[in-house]
């Protein structure tokens with residue numbers, strides 16, 4: 050497994066997610082859309098239908114990957130990690146800002162965040178980009194590796210299925226409040242340990258570990274999400290910036306508690322440091338896994 054991990058992670062670092070290569074998460078999303086229709090049409094109470102939908106989708110994804118072990122291990126690890134792709138998307142935002150293309154930066158940012166971006170200025174764009182890099186470090190890198198270490202590629206696939214279902218149906222709107230309830234709760238549970246592990250790892254690689262840890266202990270639990278505040282607070286403390294504050298979602302304002310202290314202005318230099326922190330944290334955990342895996 051150590052060899053498979055090194056090869057899969059190495060391919061992700063080199064190539065990210067090539068658009069020409071079929072991606073399992075896209076295929077899973079396509080199947081889930083059709084599966085949702087089946088369970089909605091079953092006439093069951095929505096929470097029960099949503100729970101059965103969740104069990105079916107996660108079980109199918111896990112079983113498929115388990116069947117292909119060990120010969121497809123490298124492909125699954127390569128496909129289900131998102132380190133290089135996360136950095137590529139974030140770097141597009143930074144490149145647009147560096148060119149002075151504010152509208153381009155807003156558009157690129159809209160590809161990776163859920164908030165409204167049309168009227169954001171440079172500091173707000175940078176804040177949003179740092180927040181999504183921090184959160185997706187946990188969701189897209191540390192958590193998949195964590196479950197890979199626990200249960201191999203099948204565990205990694207199970208986690209990605211849980212996370213994808215939350216992003217598709219785990220909303221608190223009229224359509225998904227009941228049907229998506231199980232998916233949202235399961236994602237909270239699955240990310241509990243990886244989010245806190247991510248924060249610890251960020252503190253360890255940070256040039257300011259005490260400041261980063263202080264921000265985590267003081268600010269992380271104040272966020273409405275039970276998990277995202279931990280890596281975001283660790284990044285805020287490590288970078289010496291303030292994250293959180295006012296966002297808009299489809300025109301509706303949403304105020305989140307602040308994370309960290311505004312010791313430095315949000316700038317492209319700070320964002321460059323955030324991207325380095327992303328890689329340093331991921332490589333530290335990858336190194337730990339390589340050492341402990343047989």
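Numbering (the working numbering), first residue to last: 50 to 343. Cβ coordinates follow ideal geometry from the N, Cα and C atoms, glycine included. Only a predicted model underlies this, so the values are computations on that prediction, with no experimental measurement involved.
Where the alpha helix (DSSP H) through residue i begins and ends
{"i": "residue 228", "result": "First-last for residue 228: undefined, no H or E at that position."}
{"i": "residue 356", "result": "Here the chain has residues from 50 to 343 only, and residue 356 is not among them."}
{"i": "residue 222", "result": "Careful: residue 222 lies outside any alpha helix (DSSP H) and carries neither H nor E."}
{"i": "residue 218", "result": "192-218"}
{"i": "residue 330", "result": "317-341"}
{"i": "residue 122", "result": "122-129"}
{"i": "residue 183", "result": "171-186"}
{"i": "residue 65", "result": "No alpha helix (DSSP H) contains residue 65, which DSSP labels as neither H nor E."}
{"i": "residue 143", "result": "132-147"}
Residue i versus the options, residue with shortest Cα-Cα distance
{"i": "residue 255", "options": "240, 326 and 211", "result": "326"}
{"i": "residue 180", "options": "262, 120, 276 and 64", "result": "276"}
{"i": "residue 82", "options": "173, 229, 129 and 338", "result": "229"}
{"i": "residue 217", "options": "63, 78 and 51", "result": "78"}
{"i": "residue 322", "options": "194, 286 and 300", "result": "286"}
{"i": "residue 159", "options": "141, 121 and 237", "result": "141"}
{"i": "residue 253", "options": "239, 86, 213 and 284", "result": "284"}
{"i": "residue 259", "options": "241, 239, 297 and 282", "result": "282"}
Which of helix, strand or coil DSSP assigns to residue i
{"i": "residue 78", "result": "helix"}
{"i": "residue 105", "result": "helix"}
{"i": "residue 90", "result": "coil"}
{"i": "residue 314", "result": "coil"}
{"i": "residue 255", "result": "coil"}
{"i": "residue 245", "result": "helix"}
{"i": "residue 73", "result": "helix"}
{"i": "residue 289", "result": "coil"}
{"i": "residue 238", "result": "helix"}
{"i": "residue 166", "result": "coil"}
{"i": "residue 150", "result": "coil"}
{"i": "residue 160", "result": "coil"}
Sequence-distant residues of the same chain with beta carbon closer than 6 Å to residue i, five excluded per side
{"i": "residue 73", "result": "128"}
{"i": "residue 131", "result": "189"}
{"i": "residue 305", "result": "293"}
{"i": "residue 96", "result": "227 and 230"}
{"i": "residue 172", "result": "315"}
Buried or exposed by the 16-neighbour rule on C-beta atoms within 10 Å, applied to residue i
{"i": "residue 208", "result": "buried"}
{"i": "residue 195", "result": "buried"}
{"i": "residue 340", "result": "exposed"}
{"i": "residue 53", "result": "buried"}
{"i": "residue 64", "result": "exposed"}
{"i": "residue 163", "result": "exposed"}
{"i": "residue 303", "result": "exposed"}
{"i": "residue 87", "result": "exposed"}
Close Cβ partners of residue i (< 7 Å) along its chain, the five nearest in sequence each way excluded
{"i": "residue 280", "result": "183, 184, 186, 187, 244, 247, 248 and 251"}
{"i": "residue 155", "result": "166, 167, 169 and 174"}
{"i": "residue 143", "result": "317 and 320"}
{"i": "residue 220", "result": "229"}
Unbroken beta strand (DSSP E) run spanning residue i, endpoints
{"i": "residue 303", "result": "301-308"}
{"i": "residue 296", "result": "292-298"}
Contact set for residue i: own chain, Cβ-Cβ below 8 Å, skip 5 residues either direction
{"i": "residue 300", "result": "165"}
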